[in-house]
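> In this note's numbering, the protein residues as written are 8 to 242.
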Ligand code: AP5
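#1: Using a Cβ-Cβ cutoff of less than 6 angstroms, which residues in the same chain neighbour residue 226 once the five nearest sequence positions on both sides are dropped?
#2: Restricting to runs no shorter than 4 residues, where is the alpha helix (DSSP H) found entirely within the segment 28–60?
#3: Leaving out the 5 sequence neighbours to the left and right, which residues in its chain are closer than 6 angstroms to residue 105 when beta-carbon positions are compared?
#4: Does the distance between the C-beta of residue 83 and the nearest non-hydrogen atom of ligand 1 fall short of 8 angstroms?
#5: I'd like the span of the alpha helix (DSSP H) that includes residue 68, first residue to last.
#6: State the Cα-Cα distance for the pair residue 14 and residue 85, rounded to the nearest angstrom.
#7: Whole-angstrom Cβ separation of residue 138 and residue 109, contact assumed at under 8 angstroms?
#8: Could you tell me the distance, in whole angstroms, from the CA atom of residue 190 to the CA atom of residue 199?
#9: Please state the DSSP three-state secondary structure of residue 242.
#10: Residue 83 by DSSP, collapsed to three states: which one?
#11: Is it buried or exposed, residue 75, if we count other Cβ atoms within 10 angstroms and call 16 or more buried?
#12: Looking at residue 148: is its Cβ nearer than 9 angstroms to the Cβ of residue 208?
#13: Using a threshold of 9 angstroms, state whether the C-beta atoms of residue 134 and residue 144 are closer than that.
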């Protein structure tokens, strides 16, 4: 199964991808996470991408396409993958098509997470991320069991640098100007499915259970996932 999660910042793409990667048994590929990993290094690439990520602008297409080409050549993507935050421009979408054509593959489904601006701001303002394992929380909607501590690994929780209000506003502007046109691009191909991502995360998850069931997707586990209840606990 080859999926793309498309939508504005804070739509809940990463939250759902983390659940569905286990249930579908395919990797979650987030260009945002990969770039944040690069930013931990002292390298030429890190120095190149840093100013873009810090300002909430898009990293140049050539850099992103190279990162994706390398990642999709890994053996674990053979049966499928969940792309989160990529593609984000028409050039990236066309680059992905060319790349997949060369591998005799194609995208099966694009999930568009439709979300209001008010929800985006409220979610990103309250988002907390584990510095160790990357698990996402929200101060109000999905709080950790113990304040400031990751339920899963005990790591420290903090706000993402680019979740500061002025950077969030820039990211929304960039999304509307450069990414939103991909909705029509994929709708025209007949592979777009719109999700009402204003609903809470458990409702979005339920909608996906129904959708994937209808499409006959092969699930690795049929257990119903209760968002907020994590399998490993450190509390
Ligand atoms: P990236 O990391 O991709 O950020 P993003 O797309 O802006 O997405 P987010 O991670 O902010 O949101 P999300 O939809 O995953 O929401 P989440 O599940 O976390 O990109 C960061 C930067 O990297 C970019 O600005 C750019 O500079 C660069 N970059 C990345 N990819 C690039 C590319 N392809 N090309 C060029 N540059 C690129 O949820 C948010 C919060 O809400 C959490 O606290 C969560 O707990 C909560 N929540 C989630 N779902 C719900 C729900 N349904 N109801 C209530 N709360 C919810």
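All C-beta atoms, glycine included, are put in the ideal place defined by N, C-alpha and C.
In short, the structure shows the following:
#1: 30
#2: 38–45
#3: none
#4: no
#5: Counting along the chain, the alpha helix (DSSP H) containing residue 68 begins and ends at 68–79.
#6: Spanning the two alpha carbons is a distance of roughly 25 angstroms.
#7: Going by Cβ atoms, the distance from residue 138 to residue 109 rounds to 37 angstroms, so no, they are not a contact pair.
#8: If I take the Cα positions, the gap works out to 7 angstroms.
#9: Because the pLDDT of residue 242 is 36, which lies under 50, any placement of that residue in the model is unreliable, and the question is left without a value.
#10: helix
#11: buried
#12: yes
#13: yes
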